[in-house]
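Colleague:
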Amino acid sequence: MPSTTVYLSLLVAVVSAVLWNNSRKRSRLPPGPTGLPIIGNVLDMAVTDVHVAARKWSEDYGDDVISVATFGHPTIILNSSQAVNDLLVGRGANYSSRPHMPMIVDLVGWDWTFALMPYGPVWKEHRRIFHNQFNATIHEHRQIQEPAAAELLLLLLRTPERFLDHLEHYTARIIMQRVYGYTDFKDAMEDYFVTINKQASESTAIATMPGTFLVDTFPILKYAPEWMPGAGFKTIAKKWRALQEIVRNKPFKMVLDQRATGTANPSFVNTCLEDRMIGAPDALSEEAIKNIAAVVYAAGSDTNLASLTVFVLSMMMHPEVQKKAQQELDSVLGGERLPTFNDIDQLPYLWNVMREVFRWIVVFPFAIPHQTMKEDVYKGYYIPAGATVIGNSWAILHNPAVYPDPESFKPERYEDKNVPDPIDNGVFGFGRRSCSGKAMAIDTVWIAMATVLSAYDICMPVDENGKPIVPEVKFRRTTIKHVAPFKCVFKARSKGAVNLMKQEVERLVRDGSLPAFVL
């Protein structure tokens, strides 16, 4: 019978082998900045523009794949389209899950949104439904977007100084009408559904910022009592959870109540509920209808608003680009009508302007994180199972070897067919977890750009001496890169443009595309 000494020797040998193997694997992680004991690279990841820092790490370490660690958890950052395509696309079956985020998922309660779901059958089903209901039926959102863009012109005519409010009204109207059939808000800044969604969107943008809440690093803290020192995040989570529940339930209940009284307007929710009532074979559960509707409601308007704010800023700061886009619009429209989606193919320069809006200031500089489901090896580097993997969209879209002079706003760069289209190169995420609402988002931005530029000059404000006041471009620190408020002047291009926008809105009210109160 082996002695205790033999057993101990065998145990030591096994433990030593395991530790050595783990150490060997850790030594093969991609390169990255040296962290501090215990906390690792927490301070490195806490900088304001971590996407810029990540590209600098690639330059310092000579590789497009970088690794950092926070309290022992590895994060792999991909700073090139090659690395992204190899892993998040080419090996998507292993790189399409999401890291668990205790604050926003467990405490705030966004576990029902498929954007944050782990990869698996439930996520696949939600994404399939979304594609069938939104991306495969673009005419249903386009017939809402064109009237909404016309209404935007009228709002800018009445109170141009509130242009940011009006852009928010525009994006909210499209989402709320398409999803819930809701058209009854006269002022987005005073509307209950718009303001509650804005608060919820701001909370999620903060909650998903890496390093914001310690509970995301130490999930066990979610069980801490609220009174415990350092557990203030639980009070915040309780407040944000209430917002989440309203976003998910309140507008859905509104449609249920309207159906009961026969007053429900056409919408995604109403159509799905009708399918349930008649027993359609592909009818969705109420839970699925509610969840998918709330995802569009919660996520769509905020990102579109961020992109349209960049559009206004870029036109104000680059009048030569604005003038060239307006000349193209005039050649097609002749000053006799507003643009429609039928004009897209005849407005190639405007499409390139939109591409550059998306690329110049990337709304999601870091794509929403992915997570590996099993360990992998790439370029000789070890990538552990459960590692967080992030595509650095900003680094990819500001690579000077691909987009020369990347900090400049140059729509002409896309006339070279060898320049990758930002729309397919990082703006909307990567691989199987790319943005499901891409088609609707592009249409929302494009028709607003075309309609506004056909009617208005977007100008810098001037001081008492007539000197332009160049804005200092700042950003709000959230997951979504929002340009901080700035001043801007909207000038109607002519009396004819003013008459045209008024006539178009009146026509849209007469045919029922816009509610009468917009006049």
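All the letters of the sequence shown, read from the start, carry residue numbers -17 to -1, 1 to 502 under mature numbering (1 follows the signal peptide of the UniProt record, and there is no 0). Virtual Cβ for every residue (Gly too), placed ideally from N, Cα, C.
Quick check on DSSP: helix, strand or coil for Lys474?
Modeller: The count along the sequence shown starts at 1 and reaches residue 474 at position 491. Three-state DSSP puts Lys474 in a strand.
Colleague: Let me confirm a value: Pro249 is counted as buried when at least 16 other C-beta atoms fall within 10 Å, else exposed. Which label applies?
Modeller: Walking along the sequence shown from the start, residue 249 turns up at place 266. Of the residues assessed, Pro249 falls on the exposed side of the cut-off, its CB having fewer than 16 other CB atoms within 10 angstroms.
Colleague: So Leu427 and Thr178 are supposed to be a Cβ contact under 8 Å. How far apart are they, rounded?
Modeller: The residue given as residue 427 occupies position 444 in the sequence shown. The residue given as residue 178 occupies position 195 in the sequence shown. According to the sequence displayed, residue 427 carries Thr and not Leu. No, Thr427 and Thr178 are not in contact; Cβ-Cβ is about 20 Å, not under 8 Å.
Colleague: Taking just the CA atoms, how far does Gln116 sit from Pro57?
Modeller: Your numbering for residue 57 matches position 74 in the sequence shown. Your numbering for residue 116 matches position 133 in the sequence shown. Computed Cα separation, rounded: 37 Å.
Colleague: Measuring CA to CA, which of Ile22, Met260 and Leu333 is closest to Asp397?
Modeller: Along the sequence shown, read from residue 1 onward, the residue named residue 397 stands at position 414. Per the sequence shown, residue 397 should be read as Tyr rather than Asp. The residue with the shortest Cα to Cα distance from Tyr397 is Leu333.
Colleague: Just verifying my parser: in three-state terms, what is the DSSP assignment at Ser50?
Modeller: Here residue 50 refers to the residue found at position 67 when the sequence shown is read from its first residue. Note: Ser50 maps to strand in three-state DSSP.
Colleague: Out of curiosity, what's the CA-to-CA distance linking Leu226 and Val91?
Modeller: Looking up residue 226 in the sequence shown gives position 243. Looking up residue 91 in the sequence shown gives position 108. Val91 has its alpha-carbon roughly 9 Å from the corresponding atom of Leu226.
Colleague: Determine, using beta-carbon pairs with one atom in the region 66 to 78 and one in the region 410 to 427, whether at least three such pairs fall under 8 Å.
Modeller: By the Cβ criterion, the region 66 to 78 is in contact with the region 410 to 427, since at least three pairs of Cβ atoms, one from each stretch, lie closer than 8 Å.
Colleague: According to DSSP, is Ile463 part of a helix, a strand, or is it coil?
Modeller: Taking the first residue of the sequence shown as 1, we reach residue 463 at position 480. Residue state, collapsed to three classes: coil.
Colleague: For Gln346, which of Ser284, Arg490, Tyr386 and Thr462 has the nearest alpha-carbon?
Modeller: In the sequence shown, the residue the question calls residue 346 occupies position 363. Per the sequence shown, residue 346 should be read as Val rather than Gln. Here the closest residue by C-alpha is Thr462.
Colleague: Measuring CB to CB, does Met432 end up less than 9 Å from Phe294?
Modeller: The residue given as residue 432 occupies position 449 in the sequence shown. The residue given as residue 294 occupies position 311 in the sequence shown. Cβ distance < 9 Å, so Met432 and Phe294 count as in contact.
Colleague: Could you check what DSSP says for Cys442 in three-state terms: helix, strand or coil?
Modeller: Locating residue 442 in the sequence shown gives position 459, counting from the first residue. Three-state result, Cys442: strand.
Colleague: For Leu312, which residues from the same chain have a beta carbon less than 8 Å from its beta carbon, with the 5 sequence-adjacent residues on both sides left out?
Modeller: By 1-based counting over the sequence shown, the position of residue 312 is 329. Pro322, Leu330, Leu333, Ala433, Leu436 and Ser437, listed in sequence order.
Colleague: If distances are taken between C-alpha atoms only, which option among Ala370, His152 and Ile272 comes closest to Arg81?
Modeller: Here the question's residue 81 lines up with position 98 in the sequence shown. Selected option, being the one with the closest Cα: Ala370.
Colleague: Run through the DSSP bridge pairs and tell me what Gly23 is partnered with.
Modeller: If you number the sequence shown from 1, residue 23 lands on position 40. In the DSSP secondary-structure assignment, Gly23 is bridged to Leu19 and Thr53.
Colleague: Below 8 Å, is the gap between the Cβ of Ser496 and the nearest heavy atom of the ligand HEM?
Modeller: Only the bare structure without any ligand can be found here, which leaves the ligand HEM out of the picture.
Colleague: Under 8 Å: do the region 234 to 245 and the region 209 to 219 share three or more Cβ pairs, one atom per stretch?
Modeller: no
Colleague: Using only the alpha-carbon positions, how far apart do Ser50 and Ile59 sit?
Modeller: As a position in the sequence shown, residue 50 is number 67, starting the count at 1. As a position in the sequence shown, residue 59 is number 76, starting the count at 1. Going from the Cα of Ser50 to the Cα of Ile59 covers about 4 Å.
Colleague: Going by the CB atoms, is the gap between Pro383 and Glu339 shorter than 9 Å?
Modeller: Position 356 of the sequence shown, counted from the start, is the residue given in the question as residue 339. Position 400 of the sequence shown, counted from the start, is the residue given in the question as residue 383. Going by C-beta atoms, Glu339 is not nearer than 9 Å to Pro383.
Colleague: DSSP on Pro331, reduced to helix/strand/coil?
Modeller: On the sequence shown, residue 331 is found 348 positions in, with the first residue counted as 1. Taken through DSSP and simplified to helix, strand or coil, Pro331 comes out as helix.
Colleague: Compute the Euclidean distance between the alpha carbons of Gln126 and Gly45, then round it to the nearest angstrom.
Modeller: Residue mapping note: residue 126 aligns to position 143 of the sequence shown, counting from 1. Residue mapping note: residue 45 aligns to position 62 of the sequence shown, counting from 1. Each residue's alpha carbon lies about 50 Å from the other.
Colleague: Could you check where the beta strand (DSSP E) with Ile373 kicks off and where it finishes?
Modeller: Working through the sequence shown from its first residue, we reach residue 373 at position 390. From DSSP, the beta strand (DSSP E) with Ile373 extends over Thr371 to Gly374.
Colleague: Output the distance between the C-alpha atoms of Arg38 and Val30, rounded to the nearest integer angstrom.
Modeller: Mapped onto the sequence shown, residue 38 falls at position 55. Mapped onto the sequence shown, residue 30 falls at position 47. One C-alpha to the other measures close to 13 Å.
Colleague: I believe Met260 touches Ala190 by the beta-carbon criterion, under 8 Å. Please report the beta-carbon distance rounded to the nearest angstrom.
Modeller: Here residue 260 is taken as the residue at index 277 of the sequence shown, counted from 1. Here residue 190 is taken as the residue at index 207 of the sequence shown, counted from 1. Not a contact, Cβ separation roughly 37 Å.
Colleague: Since Tyr364 is in the beta strand (DSSP E), which residue starts that stretch and which ends it?
Modeller: The residue labelled residue 364 in the question sits at position 381 within the sequence shown. Note, Tyr364: beta strand (DSSP E), Tyr364 to Ile366.
Colleague: Since Leu139 contacts Phe146 with CB under 8 Å, what's their CB separation in whole angstroms?
Modeller: Here residue 139 corresponds to residue number 156 of the sequence shown, with the count starting at 1. Here residue 146 corresponds to residue number 163 of the sequence shown, with the count starting at 1. That belief holds up - the Cβ atoms of Leu139 and Phe146 are roughly 6 Å apart, short of 8 Å.
Colleague: Skipping 5 residues on each side, what residues in its chain have a beta carbon closer than 7 Å to that of Lys205?
Modeller: Position 222 of the sequence shown, counted from the start, is the residue given in the question as residue 205. Cβ neighbours of Lys205 beyond the five flanking positions: Pro85, Asp89, Leu90 and Val198.
Colleague: If you reduce the DSSP assignment to three classes, tell me which class Ser80 lands in.
Modeller: The residue given as residue 80 occupies position 97 in the sequence shown. It is a strand residue.
Colleague: Is it right to say His122 is buried, meaning 16 or more other beta carbons lie within 10 angstroms of its own, or is it exposed?
Modeller: As a first step, residue 122 is located in the sequence shown; it is residue number 139 there, counting from the start. Looking at its Cβ environment, which holds fewer than 16 other Cβ atoms inside 10 Å, His122 is exposed.
Colleague: Counting C-beta neighbours from all protein chains within 10 Å, is the total for Gln65 16 or more, i.e. buried, or is it exposed?
Modeller: Counting from 1 along the sequence shown, the entry for residue 65 is found at position 82. That one is exposed.
Colleague: For Met28, I'd like the list of residues in its chain whose CB is within less than 7 Å of its CB, leaving aside the five on either flank, ordered along the chain.
Modeller: As a first step, residue 28 is located in the sequence shown; it is residue number 45 there, counting from the start. Around Met28: Val51, Thr53, Pro193 and Gly194.
Colleague: Quick one, are the C-beta atoms of Ile366 and Arg416 less than 9 Å apart?
Modeller: Numbered from 1 along the sequence shown, position 383 holds the residue referred to as residue 366. Numbered from 1 along the sequence shown, position 433 holds the residue referred to as residue 416. Going by C-beta atoms, Ile366 is not nearer than 9 Å to Arg416.
Colleague: Using only the alpha-carbon positions, how far apart do Lys222 and Ile157 sit?
Modeller: Here the question's residue 222 lines up with position 239 in the sequence shown. Here the question's residue 157 lines up with position 174 in the sequence shown. Spanning the two alpha carbons is a distance of roughly 27 Å.
Colleague: Rounded to whole angstroms, what is the Cα-Cα separation between Ala289 and Glu447?
Modeller: The residue given as residue 289 occupies position 306 in the sequence shown. The residue given as residue 447 occupies position 464 in the sequence shown. For Ala289 and Glu447, the gap between their C-alpha atoms comes out near 30 Å.
Colleague: Please name the residue, chosen from Gly420, Gly318, Gly317 and Arg459, that lies closest to Ala188 on a Cα-to-Cα basis.
Modeller: To locate residue 188, count along the sequence shown from 1; it is residue 205. When each option's Cα is compared against that of Ala188, the closest is Arg459.
Colleague: Return the chain-ordered list of same chain residues with a C-beta closer than 8 Å to the C-beta of Arg490, the five sequence neighbours on each side being excluded.
Modeller: Residue 490 sits at position 507 when you count from the first residue of the sequence shown. Once the five neighbours on either side are set aside, Arg490 has no close Cβ partner at all.
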